[in-house]
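Residue numbers (our numbering), protein chains in the order written: chain A, 185 to 328; chain B, 185 to 328.
For every residue, glycine included, the Cβ atom is placed at its ideal position computed from N, Cα and C.
Here's the structure we're looking at; comments come further down.
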DNA sequence: CCTATAATGAGAATCATTATCAAAGAGCCT
DNA sequence: AGGCTCTTTGATAATGATTCTCATTATAGG
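Given below as structure tokens:
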């Protein structure tokens, strides 16, 4: 069902694991919703069909294969979302009131500027940069 | 001992809580190290003197008063660091291997560029930006 | 169809964090 | 100093998220 199935299947087989129905369900649930979700939330989203422990395992496998990415939020909860190469590169607006996380994509000009900046920053420290993520804290429309 | 003691004391009394020795120890430990630390790490840093549950409580009180700031990292661990008004504005280099977090301060030119960028970004969404934090993921010297 | 291997389910175990409650400490009034 | 009240602490139990275990089931390849 998910549009990306083909590519995900490929990626998983490269990692040497199967794209089983359980894992497909997790991916489908993640594509159905519009933001990062925790294992427990996904378990509910799937109607409790897939046991929690399996959800965790699927997420671990999918993360290992680079299909999903973890997003660490308040209260020690880890939420996952589809990886950037599937969902597109984006940044986060975090509401300091309600904790909601909103995805935002930068217009190309700004994104390029940011990338150049990240390059310079990691040059300053002896650090080989992989990815970057700009987190803007503020107050969302609902909480204003 | 910490340079900021006076200001912290003031801030805490405004919040209506005492600046006790336990809390002073936590602050001292946080000023002694050079990056975000978890409750457990601080407990060790203080030689196991202060019990873990007290460290958690102190951190909660200090966060409430705006003296320290939480930083949510990998695997459900929350690390704290001194608030920006005490430690200065900075960004984080996160090692994807060992999870270590290193503080980095941008040279003024870059920081100004970044601020301008953040302004434009929050303008795109209807979001009133408060702070921002650039997180660069990569591999630290030790893990290379 | 058989066999070897990978994946799953259910529950126990672990780790970070929070809550509880009795005891110790600080501020205050006399 | 003594007594009173309110805050803080320490030790420990409880909670919640995540990981592990292991017996069972599914899958791919012959």
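Query, Result
"Spatially closest choice to residue 263/B from 272/B, 209/B, 235/B and 225/B, by CA coordinates", "225/B"
"Contacts around residue 185/B, its chain only, beta-carbon distance under 7 Å, and the 5 residues preceding and following it disregarded", "Note that residue 185/B scores a pLDDT of 47, beneath 50, so its modelled location is shaky; the value from the coordinates is reported in the next line. The residues are 212."
"Contact residues within the region 304–325 of chain B, judged by C-beta distance below 8 Å to chain A", "304, 305, 306, 308, 309, 310, 311, 312, 313, 314, 315, 316, 317, 318, 319, 320, 321, 322, 323, 324 and 325"
"Where residue 189/B falls: helix, strand or coil (DSSP)", "helix"
"Three-state secondary structure assigned by DSSP to residue 240/A", "helix"
"8 Å contact criterion, which residue 238/A and residue 272/A should meet: CB distance rounded", "With 8 Å as the limit, residue 238/A and residue 272/A do not qualify as a contact, their Cβ atoms being about 28 Å apart."
"Alpha helix (DSSP H) runs wholly inside the region 203–249 of chain B, at least 4 long, in chain order", "205–216, 223–229 and 236–248"
"Chain A contact for residue 262/B (CB, 8 Å cutoff)", "yes"
"Identity of the residues DSSP links to residue 252/A by a beta bridge", "266/A"
"For residue 318/B, the first and last residue of its enclosing beta strand (DSSP E)", "312–323"
"Residue 244/B beta carbon less than 8 Å from that of residue 201/B", "no"
"CA-to-CA distance, residue 275/A to residue 220/A, given in whole angstroms", "12 Å"
"Bridge partner(s) assigned by DSSP for residue 280/B", "Beta-bridge pairing links residue 280/B to no other residue."
"CB contact check: residue 236/B to chain A, cutoff 8 Å", "no"
"As assigned by DSSP and simplified to three states, the class of residue 285/B", "strand"
"Residue burial classification, residue 253/A (beta-carbon count within 10 angstroms, cutoff 16)", "buried"
"Span separating the alpha-carbon of residue 322/B from that of residue 302/A", "11 Å"
"CB of residue 288/A within 8 Å of CB of residue 309/B, strictly", "yes"
"Which residues DSSP lists as bridging residue 275/B, in chain order", "288/B"
"Buried versus exposed call for residue 195/B [16 or more other C-beta atoms within 10 Å across all chains shown]", "buried"
"Three-way DSSP call (helix, strand, coil) for residue 303/B in this model", "helix"
"Chain-order list of residues whose beta-carbon lies under 8 Å from that of residue 218/B (same chain, five-residue window excluded)", "286 and 287"
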